[in-house]
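Each protein sequence line maps, in turn, to chains A and B. Residue numbers 1 to 345, in the numbering used here, belong to the letters of the first sequence in order. Residue numbers 1 to 132, in the numbering used here, belong to the letters of the second sequence in order. The beta carbon of each residue, even a glycine, is placed where N, CA and C say it ideally should be.
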Amino acid sequence: MKYAYSFLAVLALVVFAWLGSKIPGMQYLFGVAIPYLAIMIFLGGFVYRVVYWAKSPVPFSIPTTCGQGKSLDFIKQDKLDCPTKTSEVVARMFLEIFAFRSLFRNTKSEIHEGPKITYESSKWLWLFALIFHYSFLVVVIRHMRLFLNPVPEWLQFLDFMDAGAVLQIGSPLFYASSAGLVLGVVLLFGRRLVNRQVRYISLLNDYFPLFLIFGIASTGMLMRYVLRDNIDIITIKELLVGLVTLSPVISAKIGSIFYIHVFLVSTLLVYFPFSKLMHMGGVFMSPTRNMANDSRAKRHINPWNDPTIKPHSYAGYEDEFREFMVDAGIPVEKELPPKADEEQG
Amino acid sequence: MYNKGTIIPGLIFFVLFVTFPVWFQGLKAGDMPKPELPPGGEKQCVMPADYMRANHMQLLNEWRDNVLRDGNREILEINGKKYPKGLQMACMECHSRKEKFCDSCHTYAAVDPYCWDCHLTPNEVASKEATH
């Protein structure tokens, strides 16, 4: 049911934008006002979330260590999995962000007759995530050709690599990244349905972004390849260049599929900072990844510590409670001083 | 706020990355394309202008498939005018200057159609005939 609700929610957004954009005069709402609002909420929300996280103290040194830590000279340190220097942390973060290294380590466990438990490597999530994220990145970057005039040379090269260089299908040319994005979403969604454990823990807010991104990719592809009525790229680019130069105009009729696509993208932008999608910023903020495992070389001071509370050594503790300890028969390192007045009396 | 030294530059980088198209072209929209109308003054095309603006690439692709893959060289007749299916034979008879017609919008939208891998513009045809 959770995926059915997510699907219906995205469908409702599509119908809303479709019918809304047909009302005369509403084109400026869907093509200008909502996108502006969305990008402002996205940027503001993103910065707010990151600053909010940055305000949270990290009380302990908690890097996840997945390899041999720095020890004696003849024991080889696993520098990527148990970094002790900033440069090693940077290398580890780089591979995490660009190659999703932690997903590569994913394992699955199964109970067989016996009972006997087995563990085996499971790289599907890593593979699907890689397809999805890189396709999405290329899709976002190549959309810049619709915002920039003149279009820089490197962008044209990227476009060429994505379409004409590898595939030469149809006209307008089919993009490899379109296929990659849809394939990635479908595979990640399929994983949530097929894998029982993952299906059990999947929530509405796991399915919703998948449907939303599927909606964005499919409306984009429909607009490019199928529903081309009134999809004149020149009018569209005029509007989009207008948006980024703060003087938007809609000079001719644009097909509804365009407004649906833009509305879904706006929804994604607004939804982004307040959802799990913030892992984009969160991956940098994760203390288990961005700290070095050097707590034995450098003392990690808990920012919560009350400066008025001074260190209390065992010797000081015994000094404070010696009498009671002796009374209770607890051994002490330093005996009570002999009581002078008793001897006198 | 902790780790200001890395988080604030990181956030500034992120905002600049997202707003890239805004500052990259310095709020200047640049020129709109002005495709040249047929120099011969021809007003009629195989389809209305609105349709051609949005769908010409699909129409040309269909013609290409018809002619080269299915061998269907049927000549279209629209309002008494005959159009053989072909970029050079039909389109470029009227829209004779690629540089001023096709290229103006294609450059603006950063589209690089591979028509010209095989086809020649009337200008190129003329220059080849002159040299041979």
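Contact of residue 79 of chain A with chain B is not assigned, every C-beta pair being separated by 8 Å or more.
Taking 8 Å as the upper bound on Cβ-Cβ separation, chain A lies near residues 28, 29, 30, 31, 32, 33, 50 of the region 28 to 52 of chain B.
Per DSSP, the beta-bridge partners of residue 119 of chain A are A:109. Close to chain B, meaning a Cβ-Cβ distance shorter than 9 Å, are the following residues of the region 157 to 190 of chain A: 159, 160, 163, 164, 168, 170, 171, 172, 173. For the region 237 to 253 of chain A, the set of residues with a beta-carbon nearer than 8 Å to any beta-carbon of chain B comprises 237, 238, 241, 242, 244, 245, 246, 247, in chain order. DSSP places residue 75 of chain B in the coil class of the three-state scheme, outside both helix and strand.
Restricting attention to B:13, B:32, B:57, B:21, the CA atom closest to the CA of residue 46 of chain A is found in B:13.
At least one C-beta of chain A is nearer than 8 Å to the C-beta of residue 10 of chain B. The beta-carbon distance between residue 14 of chain A and residue 211 of chain A, rounded to whole angstroms, is 10 Å. This is too long to meet the 8 Å contact definition. Bridge pairing for residue 82 of chain B: B:77 [DSSP].
Against chain B, the CB of residue 292 of chain A has no partner CB under 8 Å away; the residue lies outside that interface. Residue 220 of chain A counts as buried, since at least 16 other C-beta atoms from the protein chains shown sit within 10 angstroms of its C-beta.
Excluding residues up to 5 positions away in sequence, 96 lie with their Cβ nearer than 7 Å to the Cβ of residue 102 of chain A in the same chain.
Counting only the Cα atoms, residue 88 of chain A lies some 8 Å from residue 292 of chain A. Here DSSP, grouped into helix, strand and coil, assigns residue 335 of chain A to coil.
In the DSSP assignment, residue 125 of chain A falls within the alpha helix (DSSP H) that extends over 124 to 142. Non-local beta-carbon contacts of residue 26 of chain A in its own chain, meaning distances under 6 Å to residues more than five positions away in sequence, involve 20 in chain order. Within the same chain, 181 come within 7 Å of residue 136 of chain A by CB-CB distance, once the 5 residues on both sides are set aside. Runs of the alpha helix (DSSP H) spanning 4 or more residues and lying entirely within the region 153 to 228 of chain A occur at 153 to 162, 176 to 194, 196 to 201, 204 to 221, in chain order.
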